[in-house]
Amino acid sequence: MSDYPLRLTDLPLRQPAYVDLIDWTSLSATDAQRLREFGLCEGASVEALHHGGLLGRGPIACRVGRMTIAMRRAHAAAVTVRTGPETLGSEPAA
Amino acid sequence: MSALPLVALVGNPNAGKSALFNALTGARQKLGNYPGVTVERKAGRLSLADGRPVELVDLPGTYSLDPASPDEQVTRDVVMGKQVGEKRPDALVIVVDAANLDNHLRFALELIALGLPTIVALNMVDLATRDGLELDAAALSRELGVPVIATVAVRKRGLDHLRTELEALLNGAPAPYPATAQPHRDFDATRQEARRIARAGIVRETPSRRLTAAVDRVALHPIAGLALLLALLFVMFQAVYAWSEAPIAMIEGLAEATATLVRDSLPDGIVRSFLVDGVINGVGSVVVFLPQILILFFFILMLEATGYMVRAAFLMDGIMAKVGLSGRAFIPLLSSFACAIPGIMATRTIADPKDRLTTILIAPLMTCSARLPVYAVIIGAFIPARDIGYGIGLQGFVLFCLYLAGIVGAMLVALVLRLTVTRGASGSFLMEMPKYQWPRPQDILLGLWQRAVIFLKRAGTIIFTSTVILWVLLSFPRVPDGDPASQVDHSIAGRVASGLNVVLEPIGFNRDISLALIPAMAAREVAVSALATVYSIDAGDDEAALEQSLGDRLSSQWPLPTALAFLAWFIFAPQCISTIAVTRRETNGWKWPLFMVGYLFALAYVAAGLTYWTATAMGLA
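From first to last, the protein sequence lines stand for chains L and P.
With my numbering, letter number 2 in the first sequence gets 2, and the count goes up by one each step, no holes.
So my numbering is basically just the index in the second sequence, starting at one, shifted up by 94.
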């Protein structure tokens, strides 16, 4: 397995990245909507900030855009990210 | 229905909406409920620039007009004019966080598209500046088609400007720019539009080290963060004792002086007994706990206002998930330490119905402040005020353990419920983590003031009424002159309690406890005033007994195992009519409140019994 696809759960802490793909189908409709409302979308800048839980199984706090949100690992696993220079896709394809 | 123009304050959570509401209305606020739902309605008076009053209502924060929980539903229904008991607002003030424009403007666009006269308050511009953002309110106004006013609610900046604009808007002034928002745009289109407008409004954006990130490195650390949380909770419970000594002594002195004054100025008889035994001793014994309750609320309000509460939820999510709950449930549960009623109401932010139901059912296990008087009296009477080292008092430590027992009990109950009656897929945990913020002292004081008023109203109504009824039941029929029987034994209440005692005696409860438990159904703290009334009537004219405090009387009359069993009973303490009522309202029926009362009674009985038997077997006396 190569590094790709890199999931948000595996993204090293404090390494800026961009959302590549979100597997909306793996999320419930309500959760998907709330994540959209939090500004999570393909192309959004994202940075993992903290992993909760003593054994690393707790939720993940991450920055999405200018907002910090917390989600469980199951949700973060639905988000594929890519690291790289900012010029690549800092805006979603219009 | 109020004839005043109605203006609704609406926006995302964490946009500083409540601070703006407080700054605009001051202490002229009215707390109520929307009919049929337990969502709190917060309204206040705002004076326009010309002095005209306007009714301002603070709607629950939400991310969109697609509600995910009952309180978000209210926000949508009010702005759409569909909420029963509320007219459609004449104008909207949309509060957006200046530092989070992309997101908040999306919701703002949704709201502007409703077509109501609208102003946007660009709030917390000072924090945005701290984050390295420079914004152009005029450019935003041009793009949005509505007035945009920069405000800093906590510093009262921009408020006069907001009032002036609101006045113009209510006078029918046309919007400064043609409306740009179009209704019925889909989510992604609105988001991209919001992003475009945000770009237009941002003059300069320099990345800066954020204070919040630095604090979070400690506060969210799996070990350090948890240690910090436990330390905070421990300090909170120690403070409840340590800080309250002086004010409690003052209130006690005042009650004593009043009782003495009444006793000296009235002839012996029914009226004097009613005033001294019923009113002053009964109500006074509860009012005395106001300082402790306010200290507890002070901590909870501070944890909420600083933004720490969400961090606590984050830390707790891993543990909560193990018992089938989400970290989000931690917030209503922590509020339940103050009172289960706001706690149960706060569960309406939990989207998953089964998560929510479980949280409601275990909320009464969190040690509410009404139990504090009971704990305080018993601990004061039976636990020596020793230092157990490291500056930790034994009394505070016992209190901490009682709280801990409630928490552990709640977790175990949640685990069992999630495996049985509320079985279902585990919910999720999605939360925004707001920036840390130092709250305005006035906002905290206002919150404390509102809690004090609610508590004193309870003392003046529910507690007063039940104390008076108990006094009547204890005072009649009168013991005939010359009969050596005690007045309490002879009274109606005494006879009822003797009957009840058949059930409660095996777990070590005496007649006085049985007697106190009945009126404690009205409010838990009444158990204390009931005991005070019982002993006050029992003492009769015995000067020496009258001089004794309630604690002294208890410690001289109850064996230690009984006192410990009584404490254990109150960890589960099922009796509180208001909690049962709010549970019925929140769960739409009698099934769940009855279930809750049933399981709590069973647990209370078993816990008190085990405590009593163990303590007796250990030879504690």
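We put the beta carbon where it would ideally sit given N, CA and C, even for glycine.
Quiz item: With 16 as the cutoff for other CB atoms within 10 Å, does P/Ala-318 come out buried or exposed?
Solution: For the purposes of this step, residue 318 of chain P is taken as the residue at position 224 of the second sequence. Exposed, by the Cβ-count rule.
Quiz item: Ordered along the chain, which non-local residues of its own chain (more than five positions away) have a Cβ less than 8 Å from that of P/Leu-542?
Solution: Sequence index remark: in the second sequence, residue 542 of chain P carries index 448 (1-based). So the list reads Leu-388, Phe-391, Phe-392 and Leu-395, once near-sequence residues are dropped.
Quiz item: How would you list, in chain order, the residues of chain P whose beta-carbon sits under 9 Å from the beta-carbon of L/Thr-68?
Solution: In the first sequence, counting from the first residue as 1, residue 68 of chain L sits at position 68. Those are Thr-306, Ala-307, Asp-310, Glu-526, Met-527, Pro-528 and Lys-529, listed as they occur along chain P.
Self-check item: Of the residues P/Ser-158, P/Ser-141, P/Val-356 and P/Gly-593, the one placed nearest P/Val-104, counting alpha carbons only
Solution: On the second sequence, residue 104 of chain P is found 10 positions in, with the first residue counted as 1. Closest by alpha carbon: P/Ser-158.
Self-check item: Beta-carbon contacts of P/Pro-571 that lie in its chain and below 8 Å, excluding the five residues immediately before and after
Solution: Position 477 of the second sequence, counting from 1, holds the residue named residue 571 of chain P. These residues qualify, in order along the chain: His-584, Ser-585 and Ile-586.
Quiz item: With 16 as the cutoff for other CB atoms within 10 Å, does P/Ser-163 come out buried or exposed?
Solution: Numbered from its first residue, the second sequence carries residue 163 of chain P at position 69. Flag for P/Ser-163 reads buried.
Quiz item: What three-state label does DSSP hand L/His-75 in the structure shown?
Solution: The residue labelled residue 75 of chain L in the question sits at position 75 within the first sequence. In this structure, L/His-75 counts as helix in the three-state DSSP scheme.
Quiz item: For chain L, is any of its Cβ atoms less than 7 Å away from the one on P/Leu-314?
Solution: By 1-based counting over the second sequence, the position of residue 314 of chain P is 220. Yes, P/Leu-314 lies at the interface with chain L (some Cβ there is under 7 Å from its Cβ).
Exercise. Using a Cβ cut-off of 7 Å, pull out every chain P residue sitting near L/Thr-30, in sequence order please.
Key: Here the question's residue 30 of chain L lines up with position 30 in the first sequence. Under the 7 Å cutoff, chain P gives Ala-162 and Ala-445.
Quiz item: Would you call L/Arg-63 buried or exposed, if buried means 16 or more other Cβ atoms sit within 10 Å of its Cβ?
Solution: As a first step, residue 63 of chain L must be located in the first sequence, where it is residue number 63. Flag for L/Arg-63 reads buried.
Quiz prompt | Terminal residues of the alpha helix (DSSP H) in which P/His-255 lies | solution = Within the second sequence, the letter at position 161 stands for residue 255 of chain P. 253 to 264 is the extent of the alpha helix (DSSP H) around P/His-255.
Exercise. In angstroms with no decimal places, state the Cα-to-Cα distance between P/Ile-671 and P/Leu-140.
Key: Taking the second sequence and counting its residues from 1, the one referred to as residue 671 of chain P is at position 577. Taking the second sequence and counting its residues from 1, the one referred to as residue 140 of chain P is at position 46. Each residue's alpha carbon lies about 36 Å from the other.
Practice problem: For P/Pro-211, collect the residues of the same chain with a Cβ closer than 6 Å to its Cβ; drop the 5 residues on either side in sequence, then sort them by chain order. | Solution: Taking the first residue of the second sequence as position 1, residue 211 of chain P is located at position 117. Answer for P/Pro-211: Ala-185 and Leu-263, listed in chain order.
Self-check item: Euclidean distance between Cα positions of P/Trp-337 and P/Ile-345
Solution: The sequence position of residue 337 of chain P within the second sequence is 243, counting from 1. The sequence position of residue 345 of chain P within the second sequence is 251, counting from 1. Answer to the nearest angstrom: the Cα atoms are 14 Å apart.
Exercise. Using a Cβ cut-off of 7 Å (strictly closer), state whether L/Arg-72 contacts chain P.
Key: To locate residue 72 of chain L, count along the first sequence from 1; it is residue 72. Taking Cβ atoms only, chain P reaches closer than 7 Å to L/Arg-72, which makes this a yes.
Quiz item: Going along the chain, which residues of its own chain have a beta-carbon closer than 6 Å to the beta-carbon of P/Gly-703, five neighbours each way excluded?
Solution: Taking the second sequence and counting its residues from 1, one reaches residue 703 of chain P at position 609. Only Ile-601 meet the Cβ criterion.
Exercise. Determine the closest residue to P/Lys-448 out of P/Leu-419, P/Pro-467 and P/Leu-238, with distance taken between C-alpha atoms.
Key: Looking up residue 448 of chain P in the second sequence gives position 354. Here the closest residue by C-alpha is P/Leu-419.
Quiz item: Closest Cβ-Cβ distance between P/Ser-522 and chain L: below 7 Å?
Solution: Taking the first residue of the second sequence as 1, we reach residue 522 of chain P at position 428. By this cut-off, P/Ser-522 is an interface position.
Quiz item: Is the region 478 to 488 of chain P touching the region 651 to 668 of chain P in the sense that three or more CB pairs, one from each, lie closer than 8 Å?
Solution: no
Quiz item: Mind checking if P/Gly-437 is an interface residue toward chain L, Cβ cutoff 7 Å exclusive?
Solution: Numbered from 1 along the second sequence, position 343 holds the residue referred to as residue 437 of chain P. It does not; no Cβ of chain L falls within 7 Å.
Quiz item: So which residues of chain P does L/Gly-65 contact, with C-beta pairs closer than 7 Å?
Solution: As a position in the first sequence, residue 65 of chain L is number 65, starting the count at 1. Under the 7 Å cutoff, chain P gives Asp-196 and Asn-197.
Quiz item: Does DSSP put P/Ser-147 in a helix, in a strand, or in coil?
Solution: Position 53 of the second sequence, counting from 1, holds the residue named residue 147 of chain P. What sits at residue 147 of chain P in the sequence shown is Pro, not Ser. Strand.
Self-check item: Residue(s) in a DSSP beta bridge with L/His-50
Solution: Residue mapping note: residue 50 of chain L aligns to position 50 of the first sequence, counting from 1. Beta-bridge pairing links L/His-50 to L/Ala-61.
Quiz prompt | Alpha-carbon to alpha-carbon, L/Pro-12 and L/Thr-83 | solution = On the first sequence, position 83 is the one that residue 83 of chain L refers to. On the first sequence, position 12 is the one that residue 12 of chain L refers to. The alpha-carbon atoms of L/Thr-83 and L/Pro-12 are separated by roughly 10 Å.
Quiz item: Using the C-alpha atoms, what's the distance from L/Ser-28 back to P/Tyr-497?
Solution: Taking the second sequence and counting its residues from 1, one reaches residue 497 of chain P at position 403. Taking the first sequence and counting its residues from 1, one reaches residue 28 of chain L at position 28. Straight-line Cα distance between these residues: approximately 36 Å.
Quiz item: Which residues in the same chain have their Cβ closer than 7 Å to the Cβ of P/Asp-654, if we skip the five residues on either side of it in sequence?
Solution: Here residue 654 of chain P is taken as the residue at index 560 of the second sequence, counted from 1. Here residue 654 of chain P is Leu; the residue named in the question, Asp, does not match the sequence. Phe-476, Ala-709, Leu-714 and Ala-715, listed in sequence order.
Quiz item: Going by the beta-carbon positions, is the gap between P/Gly-401 and P/Pro-316 smaller than 7 Å?
Solution: Looking up residue 401 of chain P in the second sequence gives position 307. Looking up residue 316 of chain P in the second sequence gives position 222. Cβ atoms of P/Gly-401 and P/Pro-316: not closer than 7 Å.
Practice problem: Please list, in chain order, all residues of the same chain as P/Pro-436 whose beta carbon is under 7 Å from its beta carbon, the five residues on each side excluded. | Solution: One-based indexing of the second sequence puts residue 436 of chain P at position 342. Same-chain partners within the cutoff: Ser-429.
Quiz item: Can you name, in chain order, every residue of its own chain whose Cβ lies under 6 Å from the Cβ of P/Gly-110, other than the five neighbours on each side?
Solution: Within the second sequence, residue 110 of chain P is the residue found at index 16, counting from 1. Same-chain partners within the cutoff: Asn-217, Met-218 and Ala-247.
Quiz item: What first and last residue would you give for the beta strand (DSSP E) that runs through P/Thr-212?
Solution: Counted from its first residue, the second sequence places residue 212 of chain P at position 118. Start and end: 212 to 217.
Quiz prompt | Within chain L, the residues that P/Arg-285 reaches when beta carbons sit closer than 7 Å | solution = The count along the second sequence starts at 1 and reaches residue 285 of chain P at position 191. In chain order: Cys-41.
Practice problem: Can you pull the chain P residues whose beta carbon is under 7 Å from the beta carbon of L/Arg-36, in chain order? | Solution: One-based indexing of the first sequence puts residue 36 of chain L at position 36. Here the neighbours are Phe-281.
Self-check item: Beta-carbon contacts of P/Leu-314 that lie in its chain and below 8 Å, excluding the five residues immediately before and after
Solution: Here the question's residue 314 of chain P lines up with position 220 in the second sequence. Cβ neighbours of P/Leu-314 beyond the five flanking positions: Arg-405, Phe-408 and Leu-409.
Exercise. With DSSP as the reference, label P/Met-525 as helix, strand or coil.
Key: Looking up residue 525 of chain P in the second sequence gives position 431. If DSSP states are grouped into helix, strand and coil, P/Met-525 belongs with the strands.
Quiz item: Going straight from the alpha carbon of P/Thr-516 to that of P/Pro-687, what length do you get?
Solution: Translated into the one-based positions of the second sequence, residue 516 of chain P becomes position 422. Translated into the one-based positions of the second sequence, residue 687 of chain P becomes position 593. Looking at the two C-alpha atoms, the distance is approximately 14 Å.
Quiz prompt | Spatial distance of P/Thr-443 from P/Asp-165 (CA atoms) | solution = Within the second sequence, numbered from 1, the residue matching residue 443 of chain P stands at position 349. Within the second sequence, numbered from 1, the residue matching residue 165 of chain P stands at position 71. Cα to Cα, P/Thr-443 sits roughly 7 Å from P/Asp-165.
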